[in-house]
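Right, one structure below, let's go through it.
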Amino acid sequence: MARRRRAGKSSNNNNTRSQDTIGLANELLARNDIVALRKLAAIRGLVTHGLRSRVWPLLLGTHDQSHDDREYTTRLETPHKDSQVVECDMVRSLWSWTEGWSDEDRNNKRAALKRVIDATIGGNDGNLHYYQGLHDVAGVLLFVCGEPSAYRMLTRLATCHLRDCTRPRLDAVTESLTLLYPILQVADPELYAYITDLQEPALEVPYFALSWHMTWFSHDVATLDQCARLFDLFISSHPLMPLYVAAVAVRSNREALLDCGPGAGDVVYSKLKGMQILGEGKLSVDELAQQAAALYRAAPPAHLVSKLGDKLKFSTTLFAYIEDQRWQVPEAPGGRKKNRIVGVPRLNLGPVVNQIHRLPLGDKLQAAYLSLTPHTIREPQQPRDGSTSSARVRKNSSRRGGSIHSARTGLQSHSLPRFNTHDNGLVGLSPRPTQQQQREYQLQQQQQLQGVAALTAMVFTGIAGAAFLGTTLVLSQMQMM
């Protein structure tokens, strides 16, 4: 009886959380607040397909494309060299999501899926190449958002988040996969050491994660709702986010892997290759997404650049950046926005540098304390007790079955973690600012306002004293940043 009451209470909490999320998302849509929508979608999820069909196009910048109907028709008529492969993949597609459908309805949906892919690949002058698994991604977009929107979003993803996958060769994808191990090293140092010490040739590159990375787990997750929840995270986040989800999934199976013992490389590879991502006794899809976001904060792309940047010759997704509030990927590794990725500080005096924002997320919910400067690469600080950061990760892992879980990164019930905009607006989790940090921030903000006021006085009145004061304050602020 008590168990049923607890289950009922949990269900009510989830329903309340879902309604709160829908209400908040509608408010943010009305304000066209793309940054907040991106964070909400990643951490809390968008709950319904109807809401996703409105938010996903906005996050990708494909929401205002009503004039593209003729372009869509033209692209459908453009042949491409991968059309036969696409045709073969259609025969194997959509089975799990059309159970109980008539053959006619299923074939109609497959025909729509083929049109979406043909228009995406055929209309790009040979710059985009189809790969087996792209139809799985396209299928999720089609079911959630419909054919016209799915075409526009797939075209956008194929040139951004999935760009390494749509190149003529898979060298960039292979290179991206190698980044999984540095991420796993942060997530679970013990498990990372165990896998790499096996010296198993099949594990030299984590090809067991190839399908996860290229299909956004849509080929390996059973239900459309679960796929859509992961797509909430992936569309909102850095293009490498599937690797963070992969690391969390591997970490959640740590006991089964460690039990294989030394010298069992072939067994470990087999377990990883056949690993179930979601299911009974596994993390829920929300927990998987939320822990991946926490891991992203612990090992951001800037961390990977500092370790492997000079070795990357093909992958471009590592160097993704935010521009016009949306993700962009350079054409070459370390492209024109490389400095923004590794966190070169930039001075920004307007309008007023990064104030503390409070989103309407409920009594227990506050927006994060926003940094005055972009994320910069820093060496990990040693804790006061003298233990290493790896030791602390292992300690936390043992407490929670291998997951990074603490008062700072844990997610309980229907509460939403705090957001921040470190790392160029990338999604992540942030600890609550201390009172001292808030006082320091307020002092810096006051100094900035005084500096801006002084500079304004200098421009409009030409008073020499104001010029001196404004210059002094701005220079002091630059030193702080």
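Each residue of the sequence shown is one higher than the one before, starting from 1 at the first, in our numbering. Built from N, CA and C at the ideal position, the CB exists for glycine as well. Note that the coordinates shown come from a computational prediction; the quantities given were computed from them, not determined experimentally.
In three-state DSSP terms, what is residue i?
i    : result
I322 : strand
Q185 : helix
N15  : helix
C160 : coil
C482 : Absent from the structure is residue 482, since the part of the chain shown begins at 1 and ends at 481.
N108 : helix
D20  : helix
T196 : helix
F314 : coil
N124 : coil
C145 : helix
Y131 : coil
H238 : coil
D89  : helix
R44  : coil
S252 : helix
L170 : coil
S83  : helix
S219 : Residue 219 is actually His in this sequence, not Ser. In this structure, H219 counts as coil in the three-state DSSP scheme.
L94  : coil
Can you tell me which residues form a DSSP beta bridge with residue i?
i    : result
Q328 : Y321
Give me, in chain order, the residues of the same chain whose beta-carbon lies closer than 7 Å to that of residue i; leave out the 5 immediate sequence neighbours on both sides.
i    : result
I277 : F217, D220, V221, A249
N253 : M275
Classify residue i as buried or exposed, calling it buried when 16 or more other Cβ atoms lie within 10 Å of its own Cβ.
i    : result
D82  : buried
T16  : exposed
S96  : exposed
T21  : buried
C227 : buried
P57  : buried
A30  : exposed
E175 : buried
C88  : exposed
V91  : exposed
D164 : buried
N14  : exposed
Going by Cα to Cα distance, which pick from the options is closest to residue i?
i    : options                : result
Q199 : A264, I183, D164, Q185 : A264
I322 : S306, P301, L312, F314 : P301
P201 : V329, L29, L170, Y269  : Y269
R75  : A158, L37, N124, C227  : N124
T155 : G122, L179, A172       : G122
D136 : V55, G61, T223, Y192   : T223
R70  : V55, N107, P148, D259  : P148
T159 : P239, F231, G50        : P239
D196 : L233, G126, L170, L257 : With the sequence shown as reference, residue 196 is identified as Thr, and Asp is not the correct amino acid for it. For T196, the nearest C-alpha among the options comes from L257.
T166 : S252, Y131, L283, T215 : Y131
A187 : A172, V245, C145       : V245
T215 : H161, Y194, R251, P262 : H161
G139 : F231, A292, V55, R54   : F231
D310 : H63, D286, P333, A289  : P333
Less than 8 Å between C-beta atoms, sequence neighbours within five positions excluded: which residues of the same chain meet that for residue i?
i    : result
L486 : Past the boundaries of the shown model lies residue 486; the chain is included only from 1 to 481, so the question cannot be answered.
L142 : K109, A112, L113, V116, A150
P182 : A299, H303, L304, K307, L308
T98  : D105, R106, K109
L59  : I34, L37, R38, A41, I235, S236, R326
V267 : C260
H80  : D118, I121, G122, G126, Y130
For residue i, which residues of its own chain have a beta-carbon under 6 Å away from its beta-carbon, when the five flanking residues on both sides are left out?
i    : result
P168 : H129
S18  : V47
F486 : Because residue 486 is not part of the residues shown, which for the chain are 1 to 481, the question remains open.
Report yes if the C-beta of residue i is less than 6 Å from at least one heavy atom of the ligand HEM; otherwise report no.
i    : result
A111 : The model on display carries no ligand, and the ligand HEM is accordingly not part of it.
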